[in-house]
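Note sheet for the following structure.
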Amino acid sequence: MRLVRFLMKLSNESVVVELKNSTVVQGTITGVDMSMNVHMKNIKFTVKGKPPVSMDHLTIRGNNVRYVILPDSIPLDTLLVDDAKRLPKVKSLAGRGRGRGRGRGIKKK
7 MRLVRFLMKL SNESVVVELK NSTVVQGTIT GVDMSMNVHM KNIKFTVKGK
57 PPVSMDHLTI RGNNVRYVIL PDSIPLDTLL VDDAKRLPKV KSLAGRGRGR
107 GRGRGIKKK
């Protein structure tokens with residue numbers, strides 16, 4: 007299971023997110039998109055060395071996330087079950103014949 011898929015299942019959970027610049031964000035996840043952008047509500051935003059700031063809503067860009075710290079009350083065994091349906095792999099014929107060009111149908115006499 008991909009990390010993004012796991013985080014998408016954490017809607018309405020209170021978590022702590024540490025950013026790459028050592029900022030700590032505490033709040034409730036409202037959603038996570040495929041770019042791992044985390045949308046949160048009821049935020050306590052703490053920049054290192056400064057007093058915390060409260061916010062109603064916040065979106066964190068996915069590439070800024072260092073850690074997502076989960077509470078102990080989350081049932082990880084049920085969240086980690088991979089419920090995505092997998093399709094069987096189909097062998098593609100499009101990649102054949104890479105060695106000597108494509109052939110143009112020219113016949114030598």
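Here the working numbering runs 6 ahead of the position in the sequence shown, where the first position is 1. Quick reminder that beta carbons are idealized off the backbone N, C-alpha and C, glycines included.
### Query
To the nearest angstrom, how far is it from the Cα of D88 to the Cα of S60?
Here residue 88 corresponds to residue number 82 of the sequence shown, with the count starting at 1. Here residue 60 corresponds to residue number 54 of the sequence shown, with the count starting at 1. If I take the Cα positions, the gap works out to 35 Å.
### Task
Have a look at P13 and K97 and give me their C-alpha separation to the nearest angstrom.
Taking the first residue of the sequence shown as 1, we reach residue 13 at position 7. Taking the first residue of the sequence shown as 1, we reach residue 97 at position 91. Reading off the sequence, residue 13 comes out as Leu, not Pro. About 32 Å.
### Query
What are the boundary residues of the alpha helix (DSSP H) that includes M61?
As a position in the sequence shown, residue 61 is number 55, starting the count at 1. Here M61 belongs to no alpha helix (DSSP H); instead the beta strand (DSSP E) covers 59 to 66.
### Query
When the Cα atoms are used, what is the spatial distance from K47 to I80?
Along the sequence shown, read from residue 1 onward, the residue named residue 47 stands at position 41. Along the sequence shown, read from residue 1 onward, the residue named residue 80 stands at position 74. Whole-angstrom Cα-Cα distance: 18 Å.
### Task
Report the option in L85, T84, N18 whose CA atom is closest to the CA atom of V44.
As a first step, residue 44 is located in the sequence shown; it is residue number 38 there, counting from the start. Checked all of L85, T84, N18; the closest Cα to V44 is N18.
### Task
Please classify V31: does DSSP put it in a helix, a strand, or coil?
Here residue 31 is taken as the residue at index 25 of the sequence shown, counted from 1. In the structure shown, V31 sits in a strand (DSSP, three-state: E or B).
### Query
With distances taken from CA atoms, which of E24, K54, I66 is nearest G37?
On the sequence shown, position 31 is the one that residue 37 refers to. If we check each option's Cα against that of G37, I66 comes out closest.
### Task
Would you list the residues sitting across from G37 in a DSSP beta bridge?
On the sequence shown, position 31 is the one that residue 37 refers to. Answer is H45.
### Terminal residues of the alpha helix (DSSP H) in which V10 lies
Counting from one through the sequence shown, the residue named residue 10 turns up at place 4. Element bounds for V10: 9 to 14.
#### Entry: Segment limits, beta strand (DSSP E) that includes I75
For the purposes of this step, residue 75 is taken as residue 69 along the sequence shown, with counting starting at 1. Residues 71 to 75.
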